[in-house]
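K.L.:
Numbering (the numbering used here), first residue to last: 4 to 115.
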Ligand code: SF4
Ligand code: SF4
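1. Using 8 angstroms as the cut-off, can you tell me whether the stretch 63–70 makes contact with the stretch 79–89, which would need three or more C-beta pairs spanning the two stretches below that distance?
2. Since I believe residue 20 is in contact with residue 49 (beta carbons under 8 angstroms), could you give me their beta-carbon distance rounded to a whole number of angstroms?
3. Is residue 6 near ligand 2, going by C-beta to nearest heavy atom under 6 angstroms?
4. Got a sec: does ligand 1 put a non-hydrogen atom nearer than 6 angstroms to the Cβ of residue 36?
5. Per DSSP, which residues does residue 38 bridge with? Please list them.
6. Over the uninterrupted beta strand (DSSP E) stretch that includes residue 23, give me the two end residues.
7. Would you tell me roughly how many angstroms separate the C-alpha atoms of residue 26 and residue 97, rounded to the nearest one?
8. Answer yes or no: the CB of residue 13 versus the heavy atoms of ligand 2, is any distance below 6 angstroms?
9. Rounded to a whole number of angstroms, what is the C-alpha to C-alpha distance between residue 12 and residue 73?
10. Can you check whether the CB of residue 57 is closer than 7 angstroms to the CB of residue 9?
11. Where does the unbroken alpha helix (DSSP H) through residue 103 begin, and where does it stop?
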């Protein structure tokens, strides 16, 4: 099992989650984060920290695509271990559903 970041993170990217991860397994894309499934130790620490409720254990129904996406982009995007400011317009995207189709970006973030 692993935890995965899902749609709600897109364009919100508050990064509260990275501060509590004991194994630093978050990676930063241009407008979302992903978890490296090979490194996540299933500790659940990040889940309550996420203001968007974007993180779930991959055992949930319908999460296969997110597991695939997390694994793929964790290998391509840089590691992020410290909290940074969210995008200035993050509030505009809070609660918006099905953001992937419109807003997902495969570009990497800056990382740290
Ligand atoms: S705290 Fe939630 S919204 Fe913020 S970057 Fe982490 S997963 Fe994304
Ligand atoms: S469940 Fe734990 S190890 Fe996995 S990403 Fe969240 S904080 Fe990191």
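We put the CB at the ideal spot given by N, CA and C, even for glycine.
P.N.:
Reading from the atomic positions:
1. no
2. 4 angstroms
3. yes
4. yes
5. According to DSSP, which records beta bridges pairwise, residue 38 is partnered with 29.
6. Looking at the DSSP string, residue 23 is not in any beta strand (DSSP E); the run it does join, the alpha helix (DSSP H), is 19–23.
7. Roughly 27 angstroms between the two C-alpha positions.
8. no
9. 12 angstroms
10. yes
11. Segment 103–106, the alpha helix (DSSP H) holding residue 103.
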